[in-house]
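Colleague: Here you go, one structure.
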Amino acid sequence: MAEQNTIADLISHNDSALLDAYSNTVSSVIENAADAVVHIHVVKKVKQRNNTVAEMPATGSGFVISSDGYIVTNHHVIEQAQSIKAVLSNGKTLHADVKGFDPSTDIAVIKIDEGGLKILPFANSDSLLVGQIAIAIGNPLGFQQTVTAGIISALGRTLKAHNGRLIDDVIQTDAALNPGNSGGPLMNSAGQVIGVNTATIMSAQGLCFAVSSNISAHVAGQIIMKGKVRRAYLGI
Numbered sequence: 031m032a033e034q035n036t037i038a039d040l041i042s043h044n045d046s047a048l049l050d051a052y053s054n055t056v057s058s059v060i061e062n063a064a065d066a067v068v069h070i071h072v073v074k075k076v077k078q079r080n081n082t083v084a085e086m087p088a089t090g091s092g093f094v095i096s097s098d099g100y101i102v103t104n105h106h107v108i109e110q111a112q113s114i115k116a117v118l119s120n121g122k123t124l125h126a127d128v129k130g131f132d133p134s135t136d137i138a139v140i141k142i143d144e145g146g147l148k149i150l151p152f153a154n155s156d157s158l159l160v161g162q163i164a165i166a167i168g169n170p171l172g173f174q175q176t177v178t179a180g181i182i183s184a185l186g187r188t189l190k191a192h193n194g195r196l197i198d199d200v201i202q203t204d205a206a207l208n209p210g211n212s213g214g215p216l217m218n219s220a221g222q223v224i225g226v227n228t229a230t231i232m233s234a235q236g237l238c239f240a241v242s243s244n245i246s247a248h249v250a251g252q253i254i255m256k257g258k259v260r261r262a263y264l265g266i
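Printed below as a string of structure tokens:
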């Protein structure tokens, strides 16, 4: 009888070590980042076809960028929300206020009244390379603290925001994203935020997008300091 090889037999020692290193990297990033990722619950008033208004619950993700409670998320997550609650990794639920938003980049900042929070730092997205590890954590479909991993598939993509403006410098990744991941962090192997997860093309597997960390950090800083983003316009 011919000898049959198992999968373990086909994986060389070096390959096994590489896989272990990859797994350890992802596990380490999540262990350090999980406490800074929040589950966002909102209630929105939605106009129905019969012209009545109904309250609709929705969920999304966000992450803490300052120990005193500033949280970055997507604008479309909190858009027209009547109430916003942020659920921390320990299960504590807190009311959140909108500090500002920028529909043109789909970035928003909310604030909770809590101190001593774990934060996630932003990386310099200009230094990213196609093929680098990309790790996403969020709350897809209401399942809290879900982790997916992949690579950076492309850089410098352009994505249309909900207000019709084009978002530049968008990161494409094959790390699986689903509704509810919106607003969560896309991280590198050092546990730094390289992008804010914002969109996925449901009909095309592996096409997911994040607003780059450099744009996200700039917009969030403008919102925290000034309450909005100022842009120059060319007058004719």
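Heads up: the sequence shown is residues 31 to 266, going by my numbering.
Built from N, CA and C at the ideal position, the CB exists for glycine as well.
Buried or exposed, going by whether 16 or more other CB atoms sit within 10 Å of the CB of residue 100?
Modeller: Label assigned to residue 100: buried.
Colleague: Using the Cβ count rule (16 or more neighbours within 10 Å means buried), how would you classify residue 93?
Modeller: By the neighbour-count rule (16 or more Cβ atoms within 10 Å), residue 93 is buried.
Colleague: Straight-line CA distance for residue 218 to residue 201?
Modeller: So the two alpha carbons sit approximately 12 Å from each other.
Colleague: Whole-angstrom Cβ separation of residue 178 and residue 205, contact assumed at under 8 Å?
Modeller: Sure, about 5 Å apart at Cβ, within 8 Å.
Colleague: Ends of the alpha helix (DSSP H) at residue 107?
Modeller: Segment 105-108, the alpha helix (DSSP H) holding residue 107.
Colleague: Measure from the alpha carbon of residue 106 to the alpha carbon of each residue in 258, 191 and 250, then state which is nearest.
Modeller: Per the Cα distances, 191.
Colleague: Once you ignore the five residues that flank residue 244 on each side, which residues in its own chain have a CB closer than 8 Å to its CB?
Modeller: Excluding residues within five positions, the ones whose Cβ falls inside 8 Å are 152, 154, 155, 156 and 199.
Colleague: Considering just the uninterrupted stretch of the beta strand (DSSP E) at residue 197, what are its terminal residues?
Modeller: Where residue 197 is concerned, the enclosing beta strand (DSSP E) stretches over 196-203.
Colleague: Go ahead and pull the three-state DSSP assignment for residue 248.
Modeller: Note: residue 248 maps to helix in three-state DSSP.
Colleague: Curious, which full-length beta strand (DSSP E) runs of at least 3 residues does the region 36-86 contain?
Modeller: Whole beta strand (DSSP E) segments, 3+ residues: 67-77.
Colleague: Could you check the C-alpha separation between residue 124 and residue 116 for me, to the nearest Å?
Modeller: Whole-angstrom Cα-Cα distance: 5 Å.
Colleague: If I follow the unbroken beta strand (DSSP E) through residue 242, where does it start and stop?
Modeller: Counting along the chain, the beta strand (DSSP E) containing residue 242 begins and ends at 238-242.
Colleague: Please report the straight-line C-alpha distance between residue 77 and residue 84, rounded to a whole angstrom.
Modeller: So the two alpha carbons sit approximately 6 Å from each other.
Colleague: Helix, strand or coil for residue 134? Go by DSSP, reduced to three states.
Modeller: Residue 134 falls in the coil class under three-state DSSP.
Colleague: So, residue 66 versus residue 149, is the Cβ gap smaller than 8 Å?
Modeller: Against a cut-off of 8 Å, the Cβ pair of residue 149 and residue 66 comes out as a contact.
Colleague: Does the Cβ-Cβ distance between residue 68 and residue 165 come in under 8 Å?
Modeller: Contact flag unset, no.
Colleague: What is the C-beta distance between residue 141 and residue 127, in whole angstroms, given that I count them as a contact (C-beta under 8 Å)?
Modeller: Yes, they are in contact, since the Cβ atoms of residue 141 and residue 127 sit about 5 Å apart, within 8 Å.
Colleague: Classify residue 136 as buried or exposed, calling it buried when 16 or more other Cβ atoms lie within 10 Å of its own Cβ.
Modeller: When all chains shown are included, residue 136 counts as buried.
Colleague: Could you pull the DSSP bridge partners for residue 215 from this structure?
Modeller: According to DSSP, residue 215 bridges with 226.
Colleague: Helix, strand or coil for residue 115, going by three-state DSSP, please let me know.
Modeller: It is a strand residue.
Colleague: Quick check on residue 87: buried or exposed, where buried means 16 or more other Cβ atoms within 10 Å of its Cβ?
Modeller: The residue in question, residue 87, is exposed, as its Cβ has fewer than 16 Cβ neighbours within 10 Å.
Colleague: Under DSSP, the beta strand (DSSP E) around residue 168 begins and ends at which residues?
Modeller: Residues 163-168.
Colleague: Since residue 183 is in the beta strand (DSSP E), which residue starts that stretch and which ends it?
Modeller: Counting along the chain, the beta strand (DSSP E) containing residue 183 begins and ends at 176-190.
Colleague: Quick one, which of 72, 79 and 81 has its alpha-carbon nearest residue 103's?
Modeller: The candidate whose alpha carbon is nearest that of residue 103 is 72.
Colleague: Would DSSP call residue 254 helix, strand or coil?
Modeller: Helix.
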